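*Asks:*
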Amino acid sequence: MLLFLALLFRLSLSQLPGETIEEAPASIARFSANIVRDFEAQSRFSLVENEFENLKANIKSQKEDAASKLREASENLDNLVSKRVNALKKLAASAEASAAIFDEYDDQAYAIPQVDTRCEAYMKKMNESDVHFVSNNVEQNSRSGVHINVESYQCDPRVMRDFDWTGTKFIEKTMTENKEKIPEIGQQYIGTYSGLTRMYPRRHWKVEPAPITIDLFDPRFRPWFVNAESVPKDIVFLIDYSGSVKGPTMHLIKITMMYILSTLNPNDYFFGVYFNNKFNPIISCDNRTFMPATTSNKKVFFEELGLLKEIDQAHFSTPLKFSLDVLRGNLDSNQSLFSDYRSEGHKLLIIFTDGVDEWPHQILDEEFQTRNSELIRIFGYSMGYGTSLLPLQRYMACKSHGGYSEIDSIMDVKPQSRMMQNVLSQVRGEELKSTKAENREPSWTQLYMEAQGVGPTVTLSLPVVASDQRIWNNQSLAGVAAIDISIKEMTQFLPTSSEQMYAYIVDNNGMLIYHPQLQIPKTEVHCVRRSACYDAQQVKQKAGSGLRVHYGFSDERVYRLVGLIDSIPTLDMYDLEGDSTAIRDLRRRITTKTCYEEAIKDDSHTKEFHCAHIKNSPFTLVIVNNVQSKTVYYDENVPDLGLSKNKLVTFFYPRRDVCHWKLDDYSIHDRFNVWADISDKEECQKDDMRLSRAFTKAIGTWSRSWPSSDVDIPCIHVQYPENASVSHYVNSFVHTRSKLTAFYPTCSSHDMKEVNKKFDEEIKITDNNCFVQFSMRAGSLLIYRTIADHENNRLAVVGTQWKENYFDQYFDNFTKRNSDWKVCKKQECSIITRNGHVIASSASRSPAHLALFDPQLFESLVKSNLVSVGMDRNILRTCREDPRRTSTDIQVSVTSPNEPVPSRRTIRRRLQVAGLHGRRPVKKPFVSLKNRKARVEWAKQHLSWGPREWANHIWSDESKFNIYAAQYQFPTVKHGGGSVMVWGCFSDTSMGSLKRIVGTMGHVANWFRRRRVDLLEWPSQSPDFNPIEHMWDELERRLKGVRASNANQKFAQLEAAWKSIPMTVVQTLLDSMPRRFQAVIDAKAYPTKY
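Going by UniProt numbering, the letters in the sequence shown line up with residues 1 to 1090, in that order.
1. Run through the DSSP bridge pairs and tell me what Ser780 is partnered with.
2. Do Trp702 and Arg44 have their CB atoms nearer than 7 Å?
3. When burial is assigned at 16 or more other CB atoms within 10 Å of the CB, is Gln801 buried or exposed?
4. Consult DSSP for Asn474 and reduce its assignment to one of helix, strand or coil.
5. Does the beta-carbon distance from Val273 to Ala314 come in below 7 Å?
6. Note down the Cα distance separating Glu828 from Ser841, rounded to an integer number of angstroms.
7. Do you know whose CA, among Asp484, Gln809, Pro266, Lys1059, lies nearest Gln187's CA?
8. Taking just the CA atoms, how far does Gln1049 sit from Leu1070?
9. Give every residue of the same chain whose Cβ lies closer than 6 Å to the Cβ of Ser939, excluding the five residues on either side of it in the sequence, and list them in chain order.
10. I want to know whether the region 422-438 touches the region 382-389 - three or more CB-CB distances under 8 Å.
11. Is Ile623 near Leu70, with beta carbons less than 7 Å apart?
12. Between Glu184 and Glu683, what straight-line distance do the alpha-carbon atoms span, to the nearest angstrom?
13. Mapping the DSSP letters down to three states, classify Ser61 as helix, strand or coil.
14. Could you compute how far the alpha carbon of Val726 sits from the alpha carbon of Tyr720?
15. Leaving aside the five residues before and after Leu252 along the sequence, list all residues of the same chain whose C-beta is less than 6 Å from its C-beta, in chain order.
16. Enumerate in chain order the residues of its own chain whose CB-to-CB distance from Ile239 is below 6 Å, with the five nearest sequence positions on each side excluded.
17. Report the start-end ranges of each alpha helix (DSSP H) in the region 424-491 that is 4 residues or longer and not cut off at the edges.
18. Using a Cβ distance threshold of 8 Å, determine whether the region 158-169 contacts the region 54-68, with at least three qualifying pairs required.
19. Residues in the same chain with beta-carbon distance under 8 Å from Val1065, minus the five sequence neighbours each way, listed in chain order, please.
20. Measuring CB to CB, does Lys298 end up less than 7 Å from Leu261?
21. Whole angstroms are fine: how far does the CA of Phe102 sit from the CA of Lys433?
22. If distances are taken between C-alpha atoms only, which option among Cys659, Asp635, Ile763, Leu781 comes closest to Ile787?
23. Is it buried or exposed for Leu91, if we count other Cβ within 10 angstroms and need 16 for buried?
24. Taking C-alpha atoms, which residue in Pro1027, Ile1028, Ser1045, Gln1053 lies nearest to Leu1039?
25. Output the boundary residues of the alpha helix (DSSP H) element that contains His1030.
26. With DSSP as the reference, label Met126 as helix, strand or coil.
27. Look up Val1080 in the DSSP assignment and say whether it is helix, strand or coil.
28. Taking Cβ positions, are Gly345 and Arg377 nearer each other than 7 Å?
29. Rounded to a whole number of angstroms, what is the C-alpha to C-alpha distance between Met1073 and Trp983?
30. I'd like the list of long-range same chain contacts for Thr736, defined as Cβ closer than 6 Å, with 5 residues on each side in sequence excluded.
31. I need the straight-line Cα distance from Ile214 to Thr570, nearest angstrom please.
32. Using the Cα positions of Gln393 and Tyr404, report the straight-line distance between them to the nearest angstrom.
33. Report the option in Ile699, Tyr189, Lys254 whose CA atom is closest to the CA atom of Glu53.
34. On a CA-only basis, which of Tyr666, Phe759, Lys739, Val649 is nearest Asp710? Give me that one, please.
35. Are at least three pairs of beta-carbons, each pair with one atom in the region 598-615 and one in the region 466-485, less than 8 Å apart?
36. I need the DSSP call for Phe702, collapsed to helix, strand or coil.
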C-alpha cells in the first residue's frame, strides 16, 4: 500500500469528504500494487537492498571533536605557511643581492645591442634554458628555466640584463636549497619588468595545440606580481561618453578597462563616473560609494559600461570636481553602511577621453594647492586613432605625479594599461629601499588558476628592490619573487572526509580561499588564446575532438583563459555561509584577528563555528561543526570493487578535492575510473575511502543486472526495463551517501544533474522510511526508496526517473479500464503526494503543486493531516510573517532539532511552488513601531481639518541644495561637492522669503525658541505629512539643468526660483492634506506615495 499517497475526490472548492480513503474504489489496492511492482522492475531496488544489508554490520558512526580538529589543522597550516614564507624571504634576499651587484652589461643608452655577436650569444643561451623547448628538460627538473613573453625581444638590453641577473649561481643555489629542504614546495618564480620570468624547477611549457595557440603568459599581469609591486588603492574611473568616442575609440576604452580591472583584487576599491553633457556614477549602489574589486563587482561594472550610450558633448569640469571629491571623501556618506570601507592606500583618478574643450583652471588650482600630504595621482589616457597629445591630460598627470599615455590602436592596449602599475612600482621601490627583504611582509593572492594547469593555487610574493646603478635606468624594482602553494597542500590538513563538520579558509577581508561548496572552474592551461584559423586534421590529432576552438565574440571562458577576468571567482563568506548573527560575529572575529578558543553557536544551537588565524598569513581557518550529526564510516577494507565494463551503466563520482586532488586533472565524467584505481592507495588514505568502496562494490550486482554493451548506444536503441513506457522512462539510478552515483542507461547522463542535486542535499536526512516516495524535479517525476543503517542514517537512494506526465497517463489508463472508477468522470480525482504535489488527475492539467491551483483544498488536506507539509508550512508561514526575510533568514527560523535543515535553494523552490517569488525590495524610508503608532494617531486627530484650520499655520523647513544637480549625485551621497543651506516658509496667503543659513541647521530651531514661536507638534519620520517637502521638489524641478559654479551663484538661482512659484502650487499642496492623512491611515503608518 502506498501510504504516502492520498486519493482525493474534489467535490467543490470548499468541501472535502470526511472519509476520503474509505470511499475510494475497491481496485485502489491493485493500483497501488501495480505501482510497487513496476517500481521494483524498473529500479531493481531489492538487488541493492540485499547487498546493503550485508554491509550494515560494519557501518558505524562516531562523534568527532571539532576543537581538536581545529588545533591539529591550524598547527599543520602554520607550519606549511611559515616554511614557505621563510623560503620566499630567502629567495627575495638572494635575488636582491644579485641585482645589487650586477653590472656586467650596460647598454641602456641604445634600443638594441651594439654588437651582433653578443646578441647571437645571448639568444643561444636563452634558447638553451627556454621552457618552451622539450629538449631543455633536465634530469629531475634540477635546474631553473626561463620564459620570455611573446611581446619581448630576446636581444632587448633589458631582457638580456634580466636573463643574467636572475640566472646567477646565488639564485640558482637558493632555489635548489629551497627544493631540497621542502620537497613539496611549489613553483618558484622571479618575474621581471622586461617580461622575462625565471622559474624553478624547469618544466616543459604547455602551449597546445601549437598551430592555433598563442602563449600570453606575462609575469607583469599575474596576480602575484601585481600584488607585490604596489599597495592597495582607491580608484575612480572617469570615462568620456560623449558622441565623439563612439565606435572604435569606445572599444579601445573598454578593452583597456578590462586589462586594468584584471590587475585589481578585493583589497582594491573602485568607483566609476561617466560624463558627456551630464555625469553620473556608472553603478549607483545604495549606501556605498567605492566597491571592493571582487569578480562580481568588476563584472557588473563592465556590464553597466555596455549599457551606456555615447551622446552629446563632453563637459569636463564638474565631473572632474566630483571625482576628486569622491576620492577625498568630501561627499557626506556618514549614513553609508560601508562608509569606512576603503583601501587606505593610494588614491588614483584614471581619465579616459579623446579630448575636452575646456580647461578647468579653478578646480585644478584648488586641487594642486590645497591637497597637502593627501596626494591624488591622476592618470590620463588619450584614446582613439589620431587623437595624439592632450596637453590637459599631460599637465594633470605631471602635477599629480601620475601618468599619461596615448592609445590609438589595439596593439597599444596591453602595454599601456600597465602605466598605473609602473608608476606605483616606482613608489613602492623607493619606500622599501631601507627595509631588508627578510623584514618585509609577503603579499598573498586570492585563489586563482595556475597558468600551466596545476590547478587552484595561492601565491605569496615579495618585491625585489633594484640598486641605484645606471643599468636599472631609474627602475626602483628589479622584479618580484614568488612561490606557489597549491590548494591541495592546504586542504590536506582539513577534515574533508568528515560528515559531522567541514572546514574553509578565508582571508582577512572575509573572502573565501577554499570552501567545499566553492564552484571552481575546470582545471586547464591558462594565459593562452586559440585562433579560429587552423588545420582541423592537425588539431584533431593533437588535441582530440574535445578541444574548444574560439572564434567570433569572446565568451567568459575565453576571457578567463586569456586572463582578462578572474580565473576563479572571488566570493565573500556571506555568499556561501549566509547572513546570520553567528556568521556576522564570526566575520568580525576574522577581520579583527580576534579568534579564540570559545566557539560561536548559531541561534538554533545546531552549529558551532570554530576559527583560528594561520600565522604569517592573512588567512583564517574556520571549522563548522554540526552538533547533532555524526560521521558514518565503514571499518573494513574493500580490496576488490568487482566492477565489470559496461558502457550502458555509468558510475559518477563528482568530488575533486579528495585523494590529494588527484582527480582534478580529469573531467567530471572520467573521475570515477581514476578514483576506482587509486581509492585504496596511499594518496587516498587520509580521506578514508572504505565506505565509498563498500558502496561501489554493493552496487555491482545492480550494475551487472542491466543489458551490457562494449560500445556507446543512443537512448533510442537502448533496451528498456520490464513494463517501462518507452515514451516516459528516463533512467534508473542508485545514489549513495558518499555522493557516488550509478545509473542506466548512460545516454541519460544529462537528466541526472537534478537528481544528484536533490539527493546530495538530503544525504544527512534521518527521516527515512520503507515506503516508495515521489518527487517532482525539473520536468521529471522521481519514484524512489531509501536504504538506511540501524541508526536511520541514509545510506542510499534507489529509484527510477520518468517524464512528469507519466503517472498522470498511467492513472488515466487505469481508471478507464476499471469500472469502479466511474466517479472520476463526474468528479475530479487526484493523486497527491504527502508534500502536496498533484502527480495525477482526471482533470486535464499538468502535474503541479496543489497550492497553485486550489489553495483552499490544500489547506483542508493539511488540517486533516492527509498532506504533511510541516517544513513547507513553516517556510511559507515564516515568509508571510515578514516578506522582507531572505532565504537565509528563513533557514535560520525554521531549523528544528527534529527535522533536517532545508538548504537555501530548497527554501526558494518551495516558495516558488507556493507562488511566492523573490523580488528586489522597493526601498522606502524605515519607520519604527513607536513612530508608526504616533503617525496613525496624529493623522486621525487632524483628518477632519479643512482649509480654515490650515489657514492659521505657516509651513517652514530647512533644506540643502547641492551645487551639483540631483542627477549628478550618487544616491546615498548627501553632499554634492559644495552646497547651500536655506530656510523657507509659506502659508495659504503668500510665499515667504528664502533665507540662506550659514553654519549648522540648528540655528533655525534656536531662533524659534528665543522668540517663543508656537510650534505644531509633529510626529517623527513623517515627511509625507509636510507639504513643504514637495515645495522643495518643485524648487529643484525649476532649477533642473541650471548650472552654478559656486555657492553664491547657487543661492541667487534658488531665491529667484522660489519667488517665481505661483500660489496655485501652494493651494494644491494644502488641498492634499486630508488625502495625505487618509493614505497614512490606510498604509498603517508605513511610508506612502507622498
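Ideal Cβ positions, reconstructed from N, Cα and C, are used throughout, including at glycine. The structure presented is a predicted model; accordingly, all values stated were derived computationally and were not measured.
*Replies:* On the basis of the supplied data:
1. Arg777, Lys803
2. yes
3. buried
4. coil
5. no
6. 7 Å
7. Asp484
8. 31 Å
9. Here the sequence assigns Ala to residue 939, which means Ser is not the residue at that position. Closer than 6 Å at Cβ, skipping near neighbours: Phe1077, Val1080, Ile1081.
10. no
11. yes
12. 14 Å
13. strand
14. 7 Å
15. Met383, Ile407
16. Tyr274, Phe352
17. 487-491
18. no
19. Met1031, Glu1034
20. yes
21. 17 Å
22. Ile763
23. buried
24. Gln1053
25. 1028-1038
26. helix
27. helix
28. no
29. 22 Å
30. Phe695, Ala796
31. 27 Å
32. 7 Å
33. Ile699
34. Val649
35. no
36. Looking at the sequence provided, one finds Trp at residue 702 rather than Phe. Residue state, collapsed to three classes: helix.
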